[in-house]
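Residue numbering for the sequence shown follows the UniProt record's numbering, starting at 1 and increasing by one per position.
The beta-carbon is built from N, C-alpha and C at its ideal position, and this holds for glycine as well.
Structure, as structure tokens:
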Amino acid sequence: MLHEILISLSGHPSPLLPPPSAQSTHPPQPGQASTFLSPPELALLSSLSLLSGLHQRLLSHTSLISSTHRSAVCRAVSTAIVSNHLARFQDKILEVEREILQEDAGRVGAYGIVPLSGLVREFDGWTRRLEWFWEIVQFMLPPDTSAQREKSAGSTGAGIIDRLRVEAHTGYPDLEEASLDLIRVAETAWLRQLSTWILYGRLPAFGAEDFFIHEFPEDVEAAARGVPAFVIEHSLLPKFVSSSAASSILFIGRTLNHVRIRGDRPPSPSLLASAASPLSSLLPSHLRHLSSLSFPISPSSLSATIAAIRLSLSQNTLQHLLPIPKIIEILSLLREFFLLGRGEFAVALISEADERIRSRWRRPGQSYRDQSHQGVGSVIVKEGEVTAVLARTWAALSSFQGEEDVSDEKLDLARDLIYLTLPKQSPSRTSTPGRAAGSHLPTSIYDTTFSDFLLSTPTSLSLRIPPPLDLFLSPQDLEIYSSIHSYLLSIRRAHLRLTSLWQLSSLRREHPAPLGPPYSNTKTGQAKMLERRKRTNERNMRMRKVWAAIGAAAFLLAEMGGYFQGEVVKGCWEGFRTWLARPSSSNDPDGGKVSVDDKGNDIWRDSIASTSSATGQRQPTSAISSTTPTTDDPESLSRAHALYLKHLVSSLLLTSTEFTATLRLFLLSTDHLIALVTRLDHAQQGLDLDTDQGVVDALNDYAKEEQEVQAQLERCCERVGDGLRDVVARVRELDGERSRGAEIGEAGFVPGEGREIGGVDRLLMKLDFGDMTNV
1 MLHEILISLS
11 GHPSPLLPPP
21 SAQSTHPPQP
31 GQASTFLSPP
41 ELALLSSLSL
51 LSGLHQRLLS
61 HTSLISSTHR
71 SAVCRAVSTA
81 IVSNHLARFQ
91 DKILEVEREI
101 LQEDAGRVGA
111 YGIVPLSGLV
121 REFDGWTRRL
131 EWFWEIVQFM
141 LPPDTSAQRE
151 KSAGSTGAGI
161 IDRLRVEAHT
171 GYPDLEEASL
181 DLIRVAETAW
191 LRQLSTWILY
201 GRLPAFGAED
211 FFIHEFPEDV
221 EAAARGVPAF
231 VIEHSLLPKF
241 VSSSAASSIL
251 FIGRTLNHVR
261 IRGDRPPSPS
271 LLASAASPLS
281 SLLPSHLRHL
291 SSLSFPISPS
301 SLSATIAAIR
311 LSLSQNTLQH
321 LLPIPKIIEI
331 LSLLREFFLL
341 GRGEFAVALI
351 SEADERIRSR
361 WRRPGQSYRD
371 QSHQGVGSVI
381 VKEGEVTAVL
391 ARTWAALSSF
401 QGEEDVSDEK
411 LDLARDLIYL
421 TLPKQSPSRT
431 STPGRAAGSH
441 LPTSIYDTTF
451 SDFLLSTPTS
461 LSLRIPPPLD
471 LFLSPQDLEI
481 YSSIHSYLLS
491 IRRAHLRLTS
501 LWQLSSLRRE
511 HPAPLGPPYS
521 NTKTGQAKML
531 ERRKRTNERN
541 MRMRKVWAAI
551 GAAAFLLAEM
561 GGYFQGEVVK
571 GCWEGFRTWL
581 ARPSSSNDPD
591 GGKVSVDDKG
601 NDIWRDSIAS
611 TSSATGQRQP
621 TSAISSTTPT
631 TDDPESLSRA
641 HALYLKHLVS
651 SLLLTSTEFT
661 ATLRLFLLST
671 DHLIALVTRL
681 DHAQQGLDLD
691 TDQGVVDALN
701 DYAKEEQEVQ
711 AQLERCCERV
721 GDGLRDVVAR
731 VRELDGERSR
741 GAEIGEAGFV
751 PGEGREIGGV
761 DRLLMKLDFG
771 DMTNV
């Protein structure tokens, strides 16, 4: 009987110790072993029966997990449960058996009798542990999972690590010891996956789908460059890894992957000699940093280790691969062409786009009446036409240069990298680049789009990111730049089109001029002149309200565009560029004179540090002091660039959905007003030809069309005035909210200048001077 009990406890089925469920559902039959046992003996054996059943299920389920689970961490935990803890349970069984065979006095009583209660007492402490192990393996892979779902069901590596960290604080010393041992095994397996990525820039060979960094094959631009794109899957990220540490891990692996891919190709030998060769010498140092981590891993120690590896990589490799002048060059390109720093580019692009739309309207048998009724949105623009618009824009910019002028390198670079395209769908704002520190922009900047004003269909200006600048710029950054470009360009376009209405001479004055003598001295000529003068006066009286609305709208757009360009964009860019161009060493005596506040603190660096602390990361003082003064670190530069974009977007009022929606309605009403004024000019010219010259157009009734347009103009002028007042009122509300300290995106302060940038009170002062409220 004792031999049968010990064999059953070792994980073998036995009729003497059936599972508790079998005992309750199937009553004992005659001839079974349980019929020869007394009730007290059955009660004592029930706990051993529970242990036997748990052991059998654990052996079976852990074998399934170790052979089929998709997570390498879960496989390691399952193997550790069997090889460490269940092996100890088996050793305990062998120890009890050895004591019985040796007739140990503590185990065997008089006449060779082994008390059953003593045997049960020896295994009393194992019941709680085996039940806990069963809960853990059930968490990793539910026992009722079908064979078809085994590879997709169950826990992830991050999930089991987080679960074990919680179980370590249950209050039971034995469970705490077991939890800490399994945590060590799980985090060791996770570190092995991490080391493959952080030391070599490769995804784990096994269990890559369970690692928190995945390859993103849907990135078309990265695929075109031949460089894979990687993303962070936050659901697979353990809780002890902060978002900033995850961003640094992604950056390190992407950098190593980029260097490795460039090494497989035939690039310039000097670049490979300066970038690829230090990697082999840095590998032992980085490996020592990872080996110094103790278990359980603390968030601060992991962040410090990752920061040390990132700093070492930046100081020895990336300073040759991605120098500061190259970063400043691409940022200057974005400033001039995306933020409209080069005004002739915006004017040429708007002119070519308008010419393309007018050419689509110039069809046989299509009149201005049809165009006005169809609207701009009815014009279908193809991808080839969009490309042609940008090509003619580059040609127009090139024509501004003389033959003896020095070639514009920025224009040549922009011609190679910038392209205008029709987005296939709404911009994807997933965590494609995985930037944690720079992706705190509110999604409200995408709620109202201005991309459909240029060509009547959504278009976006984008940039081909050349390697290795993809380590600094991300697709999210380009989406923000594209949104800002559409926003600023729509304001510039509306202002240019409104001011171009004053070029319609026939609407502003009597055009053509009256005929002189001798025809004007005749009675017929004088009567004709009086009739034309009367007609002109009547038209001028009707157009006064229209010209007032046009002037007010043009004034608002001019002041708003000047404020955004002269105050916001220029101020933000000058502060950020000054910070970039400063000496990177903190030991430079002149380094503290640039981009510092009154107390001598680096505002850009402090802003980056506050951003990191807001995410819950707390780095050691040594790590912060060693990393923050260095501006040559591309990830630190990307975080500063993200902060620059955040201040820029907020100061441009793009974070206020109410303001952008109001401004969009106002721009739409101005487009309608421009279309009606143009149609009125065409109708009046046709009517004058009919009246004065006798040129009759049988297909059009210009008199009726003039009356219809005049009626529509009155209503449109009212909408323009209402929209103008709504825009000013919304700006005033924003100024009040910011004055009360409302949190709308940290607007009004750009680091590096020591003064407020983007204060809407400056804009309000100009609008109040123009008396916009009484339009």
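Item checked: Contained beta strand (DSSP E) runs [length at least 3] in the region 433-504, N- to C-terminal order -> DSSP runs (the beta strand (DSSP E)) wholly in the region 433-504: 460-463.
Bridge partners for F230 per DSSP, in chain order?
Checking the DSSP bridge columns, you'll see F230 partnered with E215.
- Task: Could you spell out the range, first to last residue, of the alpha helix (DSSP H) harbouring I327?
- Result: I324 to F337 is the span of the alpha helix (DSSP H), which, as asked, contains I327.
### Message
So, for A396: in the same chain, excluding its five sequence neighbours on each side, which residues have a beta-carbon less than 6 Å away from its beta-carbon?
### Response
Exclusion of the five residues before and after A396 leaves A348 as the residues of its chain whose Cβ lies within less than 6 Å of its Cβ.
Legend entry - Coil, strand or helix - T421 by DSSP: DSSP places T421 in strand when its eight states are reduced to three.
Next item on the list: Please work out which residues of its chain come closer than 6 Å, Cβ to Cβ, to R508, disregarding the five sequence neighbours upstream and downstream, and give them in chain order.
Entry: The beta carbon of R508 sits closer than 6 Å to no other beta carbon from its chain once the five residues preceding and following it are set aside.
> Relative to the C-alpha of E574, which residue among I328, F472, E706 and H169 is closest?
Replying inline: It is I328.
Is T630 helix, strand or coil by DSSP?
-> Bear in mind that a pLDDT of 45 at T630, under 50, signals an unreliable position, so the model cannot answer this.
- Item | Reference F212, options I324, A72 and T670, closest by Cα | With distances taken between Cα atoms, F212 lies closest to A72.
- Look at the alpha carbon of H85 and the alpha carbon of A76, and state the distance between them as a whole number of angstroms. Near 13 Å, if we compare the C-alpha coordinates of A76 and H85.
Closer than 6 Å by C-beta to T448: which residues in its own chain qualify, once you throw out the five before and the five after it? Chain order, please.
Residues of the same chain with a CB within less than 6 Å of the CB of T448, apart from the 5 flanking positions on each side, are T660, A661 and R664 in chain order.
Notebook entry, point to check: What is the rounded straight-line gap between the Cα of A683 and the Cα of A703?
Noted result: Computed Cα separation, rounded: 8 Å.
* A581 to I324, Cα distance in whole Å? -> Using only the alpha carbons, I get a separation of about 8 Å.
Cβ of L637 within 8 Å of Cβ of A554?
In this structure, A554 does not lie closer than 8 Å to L637 by Cβ.
Query raised in the report: If you drop the 5 nearest sequence neighbours on each side, which residues of the same chain put their C-beta closer than 6 Å to that of D214?
Result: With the sequence shown as reference, residue 214 is identified as His, and Asp is not the correct amino acid for it. If we look at H214 and ignore the five residues flanking it on each side, its Cβ neighbours are V231 and E233.
- Query: In three-state terms, what does DSSP make of E103?
  - Reply: In the three-state reduction of the DSSP assignment, E103 falls in the coil class.
- prompt: Below 8 Å, can you find three or more Cβ-Cβ pairs linking the region 168-182 to the region 125-143?
  reply: The region 168-182 makes contact with the region 125-143: 3 or more CB pairs, one atom from each, lie closer than 8 Å.
Requested in this report: Less than 8 Å between the CB atoms is what I'm expecting for L689 and V695, so what's the real figure, rounded?
Outcome: Distance from L689 to V695 at the Cβ level is roughly 4 Å; contact confirmed, criterion being Cβ atoms closer than 8 Å.
ask   = At what residues does the alpha helix (DSSP H) containing R342 begin and finish?
value = Taken as a continuous stretch (DSSP letters only), R342 belongs to no alpha helix (DSSP H), as it is neither H nor E.
For residue 778 versus L313, is the C-beta distance shorter than 8 Å?
-> With the chain covering only 1 through 775, there is no way to say anything about residue 778.
- request: Measure the CB-CB distance between H258 and P468 and report whether it falls below 8 Å.
  value: Yes, they are a contact pair.
Can you give the Cα-Cα distance for W126 and F89, rounded to whole angstroms?
-> Their backbone Cα atoms lie some 8 Å apart in a straight line.
Q: Tell me whether F576 sits in a helix, a strand or coil according to DSSP, three-state version.
A: Correct three-state label for F576: helix.
**OP:** Could you tell me which of S63, L652 and S10 sits nearest to V731, measuring between CA atoms?
**Re:** When only C-alpha atoms are compared, the closest one is L652.
Our contact map puts F338 next to H495 with C-beta atoms below 8 Å; I'd like the distance itself, whole angstroms only. Incorrect: roughly 19 Å between the Cβ atoms, too far for contact.
- DSSP three-state assignment for A147, whether helix, strand or coil: With a pLDDT of only 44 at A147, under 50, the local geometry of the prediction cannot be trusted, and no value is derived from it.
**Prompt:** Given S625, which residues of its chain have a CB within under 7 Å of its CB, disregarding the five upstream and five downstream residues?
**Reply:** Residue confidence is low: S625 scores 36 on pLDDT, short of 50, so the model does not pin down where it sits. No coordinate-derived value is stated.
Tell me the DSSP secondary structure of P39 in three-state form. Secondary structure of P39 (DSSP, three-state): helix.
**Q.** Assumed close pair I309, A245 - CB separation to whole angstroms, cut-off 8 Å
**A.** With a Cβ gap of about 11 Å, I309 and A245 do not count as contacting.
Helix, strand or coil, according to DSSP, for R121 in the structure here? Note: R121 maps to helix in three-state DSSP.
P284, DSSP secondary structure in three states: Reduced to three states, the DSSP call for P284 is helix.
* Taking 8 Å as the cut-off, decide whether the C-beta atoms of E567 and L767 are in contact. => In this structure, L767 does not lie closer than 8 Å to E567 by Cβ.
**Request:** Quick one: grab the DSSP three-state call for N540.
**Result:** Helix at N540.
- Task: Would you tell me roughly how many angstroms separate the C-alpha atoms of V728 and L463, rounded to the nearest one?
- Result: C-alpha separation (whole angstroms): 34 Å.
- Reduced DSSP secondary structure (H/G/I, E/B, other) of Y563: Three-state DSSP puts Y563 in a helix.
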